[in-house]
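J.:
Numbering (the working numbering), first residue to last: 219 to 727.
What follows is the structure, encoded as structure tokens:
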């Protein structure tokens, strides 16, 4: 029926196509975007804009330059170093903690303890912080899952970190089909293997760079980087947009210091207002006059003694550094007070609002780490753990890939713990949250906390203590306030007594 209406509306009831004169006019809408216009004003600004694919734009040479510059800046710029360290510490903290969610509570506890023992043996939190640092300054991090007999744990799996410089196609070797910069892909775009150089290309050791490499299957490689464009294979440093700003900040700071030092180096200058060949006595230009400390001296006739006025740092110096640091931290979703380590210009509301956005970004990063790194590490660990006799219970010997589990991270400290505790009690009272959610906010396992609380209550009953008696004594606020008020009143009385006319002599004495 719809097709018949369309045919009738176009050809009419006669079934013949209308002539050109009978057809309704076709209206063509033309629109323009100001940003798409190239003018004399913006021609130079957009000169480097191109249509390269993500992998062509991130060629090995481009990534090498960005890595070297980012590493140099982090190594020599205090702000850059502090920003990436803060980002890694806030993201990883003391490390994630595993919680198994199977129906076997006893088996869950065994697996969690065994995995924690293994993670401490290989120092997994430190390796995760290194991977986050590497992504910030090198763009990506690689970890190879390998066996290490030196690991002091029943499972001798290890995560060996390598720099992105080592994952590349060896020079002089013909590329294989589907290979791109050290990574071989299948027809679906999935990584199949990685080419890892045995020595770093920048190694300045005794033997130098040999070019020898190993081909590692993709199942044994953890590749951690941020994908900004569809089909992107490799990563670039997180601080790439801020590299020119870091350089400007350092140059400006050094220039201001140099100008201030130059002005301070001149203790005094001798000048004259007399015209040339006038009444002032002749002196050699740029001559140096030694001035003794704490002595008066007589200058040559017609000459005056003055100082160079220091023009640096200017009044806008602090404001400029604040603005440029704010722009630098924006590409990392980090507020200014965190990047600068200075919250003196913040009030409670603004600081809380900025931290909410930052913490949301941290949670996104942690979720990415769980998917890209932790889940794969756990899967490899479980594959090794089932082979160790007596480590896992029999019910978990045939554990699958989709084993339910979750990860706990360090909680974010609240600026006002009292207000947060009140809000938490309100949420629990009106059933808009759960104990599991509230403990997860603090990075703690609710089951462990409840078991610990049950043991504490049991011990209090055994000792004949009430919960109120077992609480830490912090003093009575009301009594403390009274003591403070009494002390203030006594001080005031002493001052009034000492200032009476009859007792002024005693007060002075």
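Note that beta-carbon positions come from the ideal geometry of N, C-alpha and C, so glycine has one too.
Going by the beta-carbon positions, is the gap between residue 353 and residue 442 smaller than 8 Å?
T.: Yes. Within cutoff.
J.: Roughly how many angstroms separate the alpha carbons of residue 699 and residue 328, rounded to a whole number?
T.: Confidence at residue 699 is low in this model, with a pLDDT of 48, below 50, so the placement of that residue should be treated as unreliable; the coordinate-derived value is given next. Each residue's alpha carbon lies about 51 Å from the other.
J.: In three-state terms, what does DSSP make of residue 649?
T.: If DSSP states are grouped into helix, strand and coil, residue 649 belongs with coil.
J.: Three or more C-beta pairs closer than 8 Å, one from the region 307-325 and one from the region 336-345: is that the case here?
T.: Result yes; three or more Cβ-Cβ pairs closer than 8 Å.
J.: Using only the alpha-carbon positions, how far apart do residue 680 and residue 379 sit?
T.: Residue 680 and residue 379: Cα-Cα distance of roughly 51 Å.
J.: For residue 551, which residues of its own chain have a beta-carbon under 6 Å away from its beta-carbon, when the five flanking residues on both sides are left out?
T.: For residue 551, where only same-chain residues beyond five positions count, the Cβ hits under 6 Å are 579.
J.: For residue 401, which residues of its own chain have a beta-carbon under 7 Å away from its beta-carbon, when the five flanking residues on both sides are left out?
T.: Excluding positions up to five away in sequence, the list reads 409, 412 and 451.
J.: Write down every uninterrupted run of the beta strand (DSSP E) in the region 345-405 whose length is 3 residues or greater and which is fully enclosed by it, in chain order.
T.: Here the runs fully enclosed are 358-365, 375-380 and 401-403.
J.: What does the alpha-carbon distance come out to for the pair residue 676 and residue 296?
T.: Straight-line Cα distance between these residues: approximately 52 Å.
J.: Compute the beta-carbon to beta-carbon distance between residue 285 and residue 382, rounded to the nearest angstrom, for a pair I have assumed lies under 8 Å.
T.: So it is a contact: roughly 7 Å between Cβ atoms.
J.: Give every residue of the same chain whose Cβ lies closer than 6 Å to the Cβ of residue 530, excluding the five residues on either side of it in the sequence, and list them in chain order.
T.: Excluding sequence neighbours, residue 530 sits near 474, 477 and 478.
J.: Within the chosen definition, does the region 557-564 reach the region 504-521 through at least 3 CB pairs nearer than 8 Å?
T.: No, they do not touch.
J.: Just how far apart, CA to CA, sit residue 599 and residue 365?
T.: Cα-Cα distance, rounded: 11 Å.
J.: Under 8 Å, do residue 431 and residue 445 count as touching if we go by C-beta distance?
T.: In this structure, residue 445 does not lie closer than 8 Å to residue 431 by Cβ.
J.: Just the C-alpha distance for residue 455 and residue 360, rounded to the nearest angstrom, thanks.
T.: Cα-Cα distance, rounded: 14 Å.
J.: So what does DSSP say about residue 318, is it helix, strand or coil?
T.: Residue 318: strand per DSSP, three-state reduction.
J.: Do you know whose CA, among 595, 678 and 628, lies nearest residue 662's CA?
T.: Nearest of 595, 678 and 628 to residue 662, Cα basis: 628.
J.: Looking at C-alpha atoms only, which residue of 453, 690 and 462 is the closest neighbour of residue 356?
T.: Checking every option, the nearest Cα to that of residue 356 belongs to 453.
J.: Bridge partners for residue 522 per DSSP, in chain order?
T.: In DSSP, residue 522 forms a bridge with 489.
J.: Which residues mark the beginning and the end of the alpha helix (DSSP H) in which residue 573 is found?
T.: Start and end: 566-587.
J.: With distances taken Cα to Cα, identify the nearest neighbour of residue 326 among 686, 609 and 641.
T.: Closest by alpha carbon: 609.
J.: Roughly how many whole angstroms lie between the Cα atoms of residue 606 and residue 304?
T.: Going from the Cα of residue 606 to the Cα of residue 304 covers about 39 Å.
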